[in-house]
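Asker: Dumping the structure here so I can ask a few things about it.
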DNA sequence: TGATTACGCTACCGGTAGTAGCGTAATCGG
DNA sequence: CCGATTACGCTACTACCGGTAGCGTAATCA
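Chains as they are written, first to last, in our numbering: chain A, 5 to 188; chain B, 5 to 188.
Below is the structure:
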């Protein structure tokens with residue numbers, strides 16, 4: 005018996021998720037979210053556009069999968085709540101500062117504002133895991149976690165969107181200070 | 005001598021800014037930011053699409069002017085900093101909760117993320133006046149005001165974008181509480 | 001009345017997300 | 001080795017949107 009994830013018959017999918025994700029972030033970094041068209045991403049990945057649509061139902065879904073891959077899991081570090089919170093916020097700020105990640109997040113977020121289907125994917129696949137992990141780690145009620153995520157993510161994205169640059173370290177420190185006063 | 009704003013010759017512009025702004029917010033409210041196309045806004049306003057483009061250079065510019073009109077000036081209320089801050093945050097939350105305003109703001113914000121020209125308009129025409137007013141009212145250094153606006157606006161938009169609904173009063177109160185702990 | 005400017009209308013361009021269909025390549029079980 | 005099956009590349013296509021060009025007409029002023 006073969007591994008259950010591999011179907012028995014037919015040509016297997018070539019292993020190009022990593023290639024596509026890298027090409028996606030690179031395209032977004034160089035051309036912006038709107039400029040990173042599906043055609044260009046396909047060319048950058050050395051893949052046919054139709055192949056992208058065989059694997060992801062829409063551009064938004066591709067970007068979200070790309071972001072899930074880019075973010076990974078939160079590395080909870082530290083012993084007390086202060087350290088966990090501040091390291092988590094710094095981790096998110098750093099990730100958003102990586103080339104393409106912040107712009108991709110802001111772009112797909114804004115697409116999701118008026119696309120309920122995409123919003124559902126974004127909320128369930130990208131945000132929910134972190135919400136649950138934070139809830140388990142901090143032991144706060146759900147609405148507190150929601151507010152925490154709105155404040156941290158919203159602030160970082162807003163800065164990125166208004167300036168085009170990720171938030172500077174000094175301001176991240178001020179944000180941490182502010183959050184700690186409420187959630188410590 | 006005539007009023008300096010009225011040029012001497014030619015057919016005068018008909019007074020339809022208010023009509024267009026109302027039609028814009030209505031369209032965004034009913035169809036979302038992406039669904040509110042320039043064609044539809046024109047039809048909703050009873051105006052030709054070319055007339056819109058004679059007055060606004062782009063859809064984003066129209067939305068921004070519409071938002072400037074919708075927001076107006078901050079009504080600073082209260083005697084001490086606590087009252088000024090909390091009433092200001094509540095005012096912004098209420099405005100964002102008005103039909104179409106939140107979606108329009110989120111939509112144009114996301115357009116601006118990857119359109120530097122639009123971002124410049126957004127920053128200078130919509131955000132700067134409030135930044136200066138807050139600076140004068142609170143007497144805080146510029147980077148503190150920037151952080152304050154990122155936190156408040158970012159949080160409200162993020163909630164709106166992730167849920168499709170404006171932030172509930174209880175959470176607005178919690179946001180105010182949090183901001184006051186840092187900026188009081 | 002003539003010059004000037006704004007408006008409505010139709011038609012158009014360039015570009016983007018997403019789809020259809022075909023030939024071909026890669027893998028399986030027999 | 002062979003047929004079935006599935007994935008891939010490619011070309012062509014649709015539908016839609018932001019934005020523009022050009023023309024006839026309406027409104028205003030000198």
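Each residue gets a CB set at the ideal place from its N, CA and C atoms; glycine is no exception.
Are the beta-carbon atoms belonging to residue 66 of chain A and residue 182 of chain B less than 9 Å from one another?
Answerer: Taking the first residue of the first chain as 1, we reach residue 66 of chain A at position 62. Taking the first residue of the second chain as 1, we reach residue 182 of chain B at position 178. It is not a contact, given that the beta carbons lie outside the stated cut-off.
Asker: Ordered along the chain, which non-local residues of its own chain (more than five positions away) have a Cβ less than 7 Å from that of residue 100 of chain A?
Answerer: Taking the first chain and counting its residues from 1, the one referred to as residue 100 of chain A is at position 96. Contacts found: 106, 109, 160, 164 and 170.
Asker: Can you give me the Cβ contacts of residue 141 of chain B inside the same chain, cut-off strictly under 7 Å, excluding the 5 residues immediately before and after it?
Answerer: Here the question's residue 141 of chain B lines up with position 137 in the second chain. The answer, listed in chain order, is 80 and 88.
Asker: Can you give me the C-alpha to C-alpha distance between residue 1 of chain A and residue 121 of chain A, rounded to a whole angstrom?
Answerer: Limits of chain A in this structure are 5 at one end and 188 at the other, which puts residue 1 of chain A out of reach.
Asker: List, in chain order, every chain B residue whose beta-carbon is nearer than 9 Å to that of residue 163 of chain A.
Answerer: By one-based count along the first chain, residue 163 of chain A stands at place 159. Residues of chain B passing the Cβ test: 150, 151, 154 and 158.
Asker: Just checking my contact of residue 49 of chain B with residue 20 of chain B at CB under 8 Å: how many whole Å lie between their CB atoms?
Answerer: Locating residue 49 of chain B in the second chain gives position 45, counting from the first residue. Locating residue 20 of chain B in the second chain gives position 16, counting from the first residue. The Cβ separation is near 7 Å, so the contact holds.
Asker: Out of curiosity, what's the CA-to-CA distance linking residue 10 of chain B and residue 93 of chain A?
Answerer: Here residue 10 of chain B corresponds to residue number 6 of the second chain, with the count starting at 1. Here residue 93 of chain A corresponds to residue number 89 of the first chain, with the count starting at 1. Caution is warranted here: a pLDDT of 46 is assigned to residue 10 of chain B, below 50, making its placement in the model unreliable, and the coordinate value is therefore given only provisionally. When rounded, the distance between both Cα atoms is 54 Å.
Asker: Return the chain-ordered list of same chain residues with a C-beta closer than 8 Å to the C-beta of residue 62 of chain A, the five sequence neighbours on each side being excluded.
Answerer: Stepping through the first chain from its first residue, residue 62 of chain A is reached at position 58. Contacts found: 122.
Asker: What residue ranges within the region 108 to 161 of chain A form continuous alpha helix (DSSP H) runs of no fewer than 4 residues, ordered along the chain?
Answerer: Whole alpha helix (DSSP H) segments, 4+ residues: 120 to 125 and 132 to 142.
Asker: Which residues bound the alpha helix (DSSP H) around residue 31 of chain A?
Answerer: Here residue 31 of chain A corresponds to residue number 27 of the first chain, with the count starting at 1. Element bounds for residue 31 of chain A: 21 to 39.
Asker: If you run the structure through DSSP and keep just helix, strand and coil, what is residue 90 of chain B?
Answerer: Residue 90 of chain B sits at position 86 when you count from the first residue of the second chain. Reduced to three states, the DSSP call for residue 90 of chain B is helix.
Asker: If the cut is a Cβ gap below 7 Å, which residues of chain A does residue 90 of chain B touch?
Answerer: Sequence index remark: in the second chain, residue 90 of chain B carries index 86 (1-based). What residue 90 of chain B touches in chain A: nothing, since even the nearest Cβ is about 15 Å away.
Asker: Got a sec? Which residues, its chain only, sit under 8 Å from residue 112 of chain A by beta carbon, not counting five neighbours each side?
Answerer: Along the first chain, one-based indexing puts residue 112 of chain A at 108. Hits under 8 Å: 37, 64, 67, 68, 71, 122 and 126.
Asker: For residue 145 of chain A, which residues in chain B fall below 7 Å Cβ to Cβ?
Answerer: What you label residue 145 of chain A is simply residue 141 of the first chain in a count that begins at 1. Simply none; closest approach about 11 Å.
Asker: Below 8 Å on the Cβ atoms is my contact criterion, and I expect residue 56 of chain A with residue 46 of chain A to pass it. Report the Cβ-Cβ distance as a whole number of Å.
Answerer: Residue mapping note: residue 56 of chain A aligns to position 52 of the first chain, counting from 1. Residue mapping note: residue 46 of chain A aligns to position 42 of the first chain, counting from 1. With a Cβ gap of about 6 Å, residue 56 of chain A and residue 46 of chain A count as contacting.
Asker: Is residue 162 of chain B buried or exposed, if buried means 16 or more other CB atoms sit within 10 Å of its CB?
Answerer: Residue numbering aside, residue 162 of chain B sits at position 158 when the second chain is read from its first letter. Buried, by the Cβ-count rule.
Asker: Confirm, please, whether the CB-CB distance from residue 75 of chain B to residue 130 of chain B is below 9 Å.
Answerer: Position 126 of the second chain, counted from the first residue, corresponds to residue 130 of chain B. Position 71 of the second chain, counted from the first residue, corresponds to residue 75 of chain B. Their beta carbons are under 9 Å apart, which means residue 130 of chain B touches residue 75 of chain B by this criterion.
Asker: Would residue 107 of chain B count as contacting chain A if we go by Cβ distances under 9 Å?
Answerer: As a working mapping, residue 107 of chain B is identified with position 103 in the second chain. With 9 Å as the cut-off, residue 107 of chain B counts as an interface residue toward chain A.
Asker: Identify the continuous alpha helix (DSSP H) that holds residue 42 of chain A and give its terminal residues.
Answerer: Taking the first residue of the first chain as position 1, residue 42 of chain A is located at position 38. Counting along the chain, the alpha helix (DSSP H) containing residue 42 of chain A begins and ends at 42 to 49.
Asker: Given residue 184 of chain B, which residues of its chain have a CB within under 8 Å of its CB, disregarding the five upstream and five downstream residues?
Answerer: Here residue 184 of chain B is taken as the residue at index 180 of the second chain, counted from 1. Excluding positions up to five away in sequence, the list reads 86, 89 and 90.
Asker: Smallest Cα separation from residue 143 of chain A: which of A:13, A:84, A:77 and A:33?
Answerer: The sequence position of residue 143 of chain A within the first chain is 139, counting from 1. Ranking the options by Cα distance to residue 143 of chain A, first place goes to A:84.
Asker: For residue 64 of chain A, report the span of its alpha helix (DSSP H) as first-last.
Answerer: By 1-based counting over the first chain, the position of residue 64 of chain A is 60. Run containing residue 64 of chain A: 63 to 75, per the alpha helix (DSSP H) assignment.
Asker: With a threshold of 9 Å between beta carbons, is residue 85 of chain A in contact with chain B?
Answerer: Here residue 85 of chain A corresponds to residue number 81 of the first chain, with the count starting at 1. Output row for residue 85 of chain A: interface = no.
Asker: Residue 82 of chain A and residue 30 of chain A look like a contact to me (Cβ under 8 Å); what is the Cβ gap, rounded to whole Å?
Answerer: Translated into positions along the first chain, residue 82 of chain A becomes position 78. Translated into positions along the first chain, residue 30 of chain A becomes position 26. The pair is not a contact, with the Cβ atoms about 33 Å apart (cut-off 8 Å).
Asker: Please compile the residues from chain B whose C-beta is within a distance smaller than 9 Å of the C-beta of residue 175 of chain A.
Answerer: Along the first chain, read from residue 1 onward, the residue named residue 175 of chain A stands at position 171. Within chain B, the residues near residue 175 of chain A are 147, 150, 151 and 154.
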